[in-house]
Structures are given as C-alpha cells and as structure tokens.
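Accompanying notes for the structure given below.
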Amino acid sequence: MPWDPDDAVSHLWTFAHKKSIGRCAAYTADAIEAGHVHINRTTYAQDFGPRLIQAGFRAMPPGTAPQSGDVMIFPGFKRDLAKKMKKDHVAGHMQMYDGVHHLWISDFRQSAKVFPGEDFRKSGLQYTLYRYSQ
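In my numbering, each residue carries its 1-based index in the sequence shown increased by 38.
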C-alpha cells in the first residue's frame, strides 16, 4: 500500500494527548507506520533522520512550507540557563504536520507554531523537515 499521509495524521489525532508524555518519537513513528510506510526505530527523536531517509522520506530545503504528513526533527540539547530554559532536551523532538488544522502533532496536540516549546525556540538550533517522496 502506498504512503497515505491522511492515515498517518488520523492516527496521531486519535492517540495524541493534551500535553507531552515524552514519547514524541514513538507516537510519530507509529503514525508513519499507520500511513503504510515501515520505519526502523531508534530511541531518540533526534536520531530518526537517517531512518526517515531509508523509509523513503527526503530532507527538504530550509524554509519549505510543510504539507500533510511531513515530519520535523529537532536536535537534542542541554538547557542554557542564560537563555532561561526549563530543562534538558537531549532526545530532541519529532513531530508531524496535520495539513488540515495547520497544527503539529506528536505525542501531544501542539500548535501552529513550529517549535514544540519555548526551550526549542530559545535553543536556536535548526530543525529538519522531511517529506515522503517515493
């Protein structure tokens, strides 16, 4: 069966919580598989980039507008007290764009903002957007 971003997004909407439970990578990977693409798992969200590419996704140029089913990966980092960050985020973050409500979803229903939280915004680190291309 070919990639179906609607099935992937629907899966996330069904299982996402109101707040993060710290399982963004697992929930997003489950959604990818619900969209009929197998992905080899890894523990940390930040390490899924190569796995996405193996599964048929490709990294998009910075500034590309997201489409339904696109996956975004943020690198992990340790908090910077000077930037008033709340905690370490060594696992990074993985999320999917819903394309209908213009929201990002992972293990929780996020917002229209690209960043899953203020610490990620304050980090200044670059994220990567992946789109299925096979």
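Ideal placement from N, C-alpha and C gives every residue a C-beta, glycine not left out.
Residue i versus the options, residue with shortest Cα-Cα distance
i           : options           : result
residue 130 : 163, 41, 172, 118 : 163
residue 169 : 153, 105, 58, 127 : 105
residue 122 : 160, 69, 79, 103  : 160
Identified DSSP bridge partners for residue i
i           : result
residue 97  : 168
residue 76  : Answer is none; residue 76 lacks a bridge partner.
residue 109 : 134, 168
residue 142 : 135
residue 61  : Beta-bridge pairing links residue 61 to no other residue.
Assigned exposure category for residue i - 16 Cβ within 10 Å defines buried
i           : result
residue 74  : exposed
residue 172 : exposed
residue 43  : buried
residue 49  : buried
residue 93  : buried
residue 87  : buried
Close Cβ partners of residue i (< 8 Å) along its chain, the five nearest in sequence each way excluded
i           : result
residue 154 : 58, 62, 112, 131, 133, 142, 144, 148
Contact with chain C by residue i, beta-carbon distance below 8 Å
i          : result
residue 73 : Looking for chain C here will not work: only one protein chain is present.
Beta-carbon contacts of residue i that lie in its chain and below 7 Å, excluding the five residues immediately before and after
i           : result
residue 114 : 82, 84, 127, 128, 129, 130
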